[in-house]
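What follows is a set of notes on a single structure, which appears directly below.
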Amino acid sequence: MSNVRHILGISGGKDSAALSIYLKTKYPQLKIEYYNSDTGCELQETELLIDRLESYLGSIKRLRAAPDSSENTPFEHFLKAMGGFLPSPQQRWCTKKMKLAEFEKYVGDDLAISYVGIRGDEDRDGYVSTKPNIQAIFPFRQNIWSIDVINKVLHNDNIMQVASIYSELCSNSLLDEILEIVNRPLTKQFYYSKKLNALLDIDIKLFNHMVFRFLQNTEYPVGQLLEDEFPILDNDEILVKDDIFRILRESGVGVPAYYEEIPFEVDGKSGTYCRSRSGCYFCFFQQRIEWVWLLEQHPDLFRKAMSFEKNGYTWIQGETLEELSRPERVRKIKLDIIKKQETARNNHRGTTLVDILGDEIMCANCFI
Ligand code: SF4
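In case it helps, our numbering puts the sequence shown at residues 425 to 792.
Right, dumping it as structure tokens:
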């Protein structure tokens with residue numbers, strides 16, 4: 425039995441919640457440690473989801489930065505230390521100090537596999553950690569491996585090694601087709617993702633076992649496991665958004681309540697709003713309609729977010745929350761979203777806020 429840890433971060437978002445349920449149900453033999461980075465600034469709907477997940481999974485370790493601070497929340501502690509400088513997409517000190525640093529402290533120097541819930545219908549990689557002892561794995565995707573692993577395995581220098589592993593693993597008629605792809609060097613026309621997809625399209629499980637064998641000669645945490653300790657190698661399911669909602673509903677954990685579309689009316693026209701993702705209630709990634717949702721659904725939290733805007737620092741570039749909360753401005757923001765929802769309806773597209781704003785995730789640590 426190896427001493428590699430299996431870890432999964434519960435952000436309070438739907439995808440990590442569904443991943444934890446999926447892995448626990450499908451691979452109960454994996455002893456996964458669940459953790460949550462507690463910023464003290466989550467919505468009560470998020471807290472409720474985490475409590476329900478805890479009943480389903482067993483214990484979830486809460487990691488809280490600055491535990492000895494006299495401030496009410498870790499966020500207020502660091503905000504004070506930063507002289508009131510609010511975080512922003514360009515200066516995202518909040519994630520670094522409240523989440524990443526605590527996660528890396530929690531893992532320490534142990535070898536760890538970190539399971540990340542990026543879905544099969546998303547085209548991106550998630551930043552998890554730059555520490556070499558922590559390896560990210562993406563079980564919902566066709567390609568479960570991170571980009572650094574793929575770049576290493578498919579590098580032209582390793583063609584012979586990959587061909588030899590495939591030849592050991594595969595004795596059937598697929599081998600010729602596989603070796604033709606493996607032996608074709610990467611070029612500007614035949615780049616990494618093309619080669620990767622060509623191999624995955626032939627046989628996902630075989631590709632995973634090839635990568636696993638390759639990693640056994642490296643320092644990567646997965647390479648230190650025995651093959652039967654890592655059943656994900658044989659998982660060829662690809663899960664997309666609808667699967668995530670299905671897993672949450674069928675498990676009884678349920679969909680986070682902040683996703684519920686709430687109807688509103690302006691000038692006789694109807695629209696709906698909600699919050700499209702988890703994270704701190706004041707998160708600067710949220711759109712103006714989500715700030716209006718916060719203003720009307722959680723006025724106390726809106727006021728609190730407003731109180732952090734001092735000395736010219738604002739959550740939204742070029743607009744204070746006081747300005748955004750004025751009735752005429754709220755009306756305008758709501759009318760804008762009603763228009764977008766009407767256009768989506770006319771084009772037979774989804775009209776929920778998640779459909780309209782997209783489900784793009786800017787931070788693997790906060791929103792998955
Ligand atoms: S949710 Fe938003 S504000 Fe909170 S830590 Fe993440 S990026 Fe920062």
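Beta carbons are placed, not taken as given, at the ideal position from N, Cα and C, and that holds for glycine.
Between the C-alpha atoms of residue i and residue j, what's the straight-line distance to the nearest angstrom?
i       : j       : result
Glu-528 : His-579 : 29 Å
Gly-464 : Thr-775 : 32 Å
Leu-624 : Glu-743 : 47 Å
Thr-611 : Leu-650 : 34 Å
Phe-669 : Gln-514 : 31 Å
Ile-537 : Ala-441 : 17 Å
Leu-748 : Phe-502 : 26 Å
Lys-763 : Asn-771 : 12 Å
Lys-485 : Arg-750 : 41 Å
Asp-666 : Phe-499 : 34 Å
Cys-707 : Tyr-697 : 17 Å
Arg-699 : Leu-467 : 10 Å
Leu-657 : Ile-574 : 15 Å
Ile-792 : Arg-543 : 9 Å
Ala-560 : Glu-643 : 14 Å
Ile-583 : Ile-628 : 18 Å
Ala-681 : Thr-470 : 8 Å
Phe-638 : Asn-735 : 55 Å
Leu-781 : Asp-581 : 42 Å
Ala-587 : Val-677 : 45 Å
Glu-394 : Tyr-737 : Only positions 425 to 792 of the chain appear in this structure, which leaves residue 394 out of reach.
Ser-563 : Tyr-480 : Checking the displayed sequence, the identity of residue 563 turns out to be Pro instead of Ser. If I take the Cα positions, the gap works out to 20 Å.
Asn-641 : Asp-660 : 24 Å
Ser-702 : Ser-591 : 46 Å
Lys-576 : Asn-632 : 14 Å
Asp-533 : Val-664 : 33 Å
Glu-684 : Lys-504 : 34 Å
Lys-693 : Asp-779 : 20 Å
Lys-555 : Leu-524 : 11 Å
Leu-672 : Asp-600 : 42 Å
Glu-604 : Lys-619 : 11 Å
Trp-517 : Leu-510 : 9 Å
Taking all protein chains shown into account, do 16 or more other C-beta atoms lie within 10 angstroms of the C-beta of residue i, making it buried, or fewer, making it exposed?
i       : result
Ser-617 : exposed
Arg-773 : exposed
Leu-598 : exposed
Gly-647 : buried
Tyr-615 : exposed
Ser-595 : exposed
Ser-444 : buried
Arg-429 : buried
Thr-767 : exposed
Pro-655 : exposed
Lys-438 : buried
Ser-570 : buried
Gly-541 : buried
Thr-449 : exposed
Pro-723 : exposed
Glu-526 : buried
Arg-769 : exposed
Ligand 1 and residue i: does the residue's C-beta get closer than 7 Å to at least one heavy atom of that ligand?
i       : result
Met-366 : The first residue shown for the chain is 425 and the last is 792, placing residue 366 beyond what the model contains.
Arg-486 : no
Thr-738 : no
Lys-523 : yes
Arg-712 : no
Cys-704 : yes
Pro-511 : yes
Phe-708 : yes
Arg-516 : yes
Thr-497 : no
Thr-519 : yes
Thr-463 : yes
Going by DSSP, name the residue or residues bridged to residue i.
i       : result
Ile-417 : Residue 417 is absent from the model: the chain starts at 425 and stops at 792.
Asn-460 : Arg-486
Ser-694 : Glu-689
Gly-433 : Tyr-459
Cys-594 : According to DSSP, Cys-594 bridges with nothing at all.
Glu-418 : The structure shown has nothing for residue 418, since the chain only spans 425 to 792.
Glu-743 : Ile-740
Does residue i come within less than 8 Å of chain B when only Cβ atoms are used?
i       : result
Ile-757 : Going by chain labels, chain B is absent from the structure shown, which holds only one protein chain.
*Should the stretch 756-771 be regarded as contacting the stretch 702-722, the criterion being three or more beta carbon pairs within less than 8 Å?*
yes
*asked:* So, does the stretch 425-444 touch the stretch 455-464, judging by three or more C-beta pairs under 8 Å?
replied: yes
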